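**Student:** Numbering (this note's numbering), first residue to last: 61 to 123. All residues carry an ideal CB built from backbone N, CA and C; glycine is no exception. All of these numbers come straight from a predicted model, not from anything done at the bench.
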């Protein structure tokens, strides 16, 4: 059976992007540590880059 879809808070997503942007570790390593796919972390990063200056809730609207 498929696992239920996980939901992440805007704050979690923003922190994940911050960790990846720090450059201390490869994005794939950061994603693995957080238990997410690198592709998802890349998606979040693109969202942040496209909406800089907005609060976390506005960056990642709940759908």
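#1: Determine the DSSP secondary structure at residue 78, reduced to helix, strand or coil.
#2: How is the alpha helix (DSSP H) around residue 65 delimited, first residue to last?
#3: Alpha carbon to alpha carbon, how far is residue 92 from residue 111? Give it in angstroms, no decimals.
#4: Out of 64, 62 and 73, which one is the CA nearest neighbour of residue 94?
#5: With DSSP as the reference, label residue 85 as helix, strand or coil.
**Tutor:** If we stick to the structure as given:
#1: helix
#2: It is not in any alpha helix (DSSP H) - residue 65 carries neither H nor E in the DSSP assignment.
#3: 25 Å
#4: 73
#5: coil
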